[in-house]
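As structure tokens, the structure follows; a few thoughts come after it.
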Amino acid sequence: MGWETKHNAINSRFKTEVADTQSVTTFYDNFPASPPDDTLWVNFTISQAESLQVEIGGNSGRFRQPGIAVAQIFAPVESGTKDAKELADVVAASFRAVTDAGVIYRSPWLNQLGRVDQWWQMNVICPFYYDEVV
């Protein structure tokens, strides 16, 4: 299982658990789109960190691949933060201490960035890792 498989699994989890259930417009890595003008929307990205070997055995080893998935939540300025914070709670609950498709999710946290152009932005950072045996 490589990066493509795990990347798709993480995106799929977000789509199933958050985007579809909350009916929120979501943009994924390298997805061409224009955000809506006046409603809540999300940009979902996934980044890998440095891989490390966690087990050695015979002719193989176990390699841990950590990373973070970030749900960047954008709400129109002057619309309040209630809807964005409620969505952030859904994201955090969907990625908190769960294993899905071989990806182990840890404890998400919220980073409120504040005003960015005409948007109020808050990010939910979802750390994860998965192991590969080669």
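Residue numbers for the sequence shown follow our numbering, beginning at 9 and rising by one.
Even glycine gets a Cβ: it sits at the ideal position worked out from N, Cα and C.
**Prompt:** Using 8 Å as the Cβ pair cut-off and three pairs as the minimum, do the segment 131-140 and the segment 29-46 touch?
**Reply:** no
**Message:** In the DSSP assignment, the alpha helix (DSSP H) including T13 goes from what residue to what residue?
**Reply:** As a working note, residue 13 is residue 5 in the sequence shown. For T13, the enclosing alpha helix (DSSP H) stretches over residues W11 to F22.
**Prompt:** Do you know how far the Cα of F52 is from the Cα of N19?
**Reply:** Position 11 of the sequence shown, counted from the start, is the residue given in the question as residue 19. Position 44 of the sequence shown, counted from the start, is the residue given in the question as residue 52. Near 8 Å, if we compare the C-alpha coordinates of F52 and N19.
**Message:** Counting C-beta neighbours from all protein chains within 10 Å, is the total for Q61 16 or more, i.e. buried, or is it exposed?
**Reply:** Indexing the sequence shown from 1 puts residue 61 at position 53. The residue is exposed, with fewer than 16 neighbouring Cβ atoms inside 10 Å.
**Exposed unless 16 or more other CB atoms sit within 10 angstroms - verdict on L48** = On the sequence shown, residue 48 is found 40 positions in, with the first residue counted as 1. Burial call: buried.
**Distance, F136 Cα to V111 Cα** = One-based indexing of the sequence shown puts residue 111 at position 103. One-based indexing of the sequence shown puts residue 136 at position 128. Between V111 and F136, the C-alpha separation is close to 7 Å.
**Asked** Closest by CA to A57, which one among A105, P116, R72 and Y113?
**Response** Locating residue 57 in the sequence shown gives position 49, where the first residue counts as 1. The candidate whose alpha carbon is nearest that of A57 is R72.
**Asked** What three-state label does DSSP hand S31 in the structure shown?
**Response** In the sequence shown, the residue the question calls residue 31 occupies position 23. Secondary structure of S31 (DSSP, three-state): coil.
**Asked** Would you say the beta carbon of T89 comes nearer than 7 Å to a heavy atom of the ligand GTP?
**Response** The ligand GTP is not among the ligands present in this structure, which contains no ligands whatsoever.
**Prompt:** Does the Cβ-Cβ distance between R123 and V85 come in under 8 Å?
**Reply:** As a working mapping, residue 123 is identified with position 115 in the sequence shown. As a working mapping, residue 85 is identified with position 77 in the sequence shown. It is a contact, given that the beta carbons lie within the stated cut-off.
**Message:** So, at 6 Å on beta carbons, what are the nonlocal neighbours of E140 in its own chain, with the 5 sequence-adjacent residues on each side left out?
**Reply:** Residue numbering aside, residue 140 sits at position 132 when the sequence shown is read from its first letter. The answer, listed in chain order, is F71.
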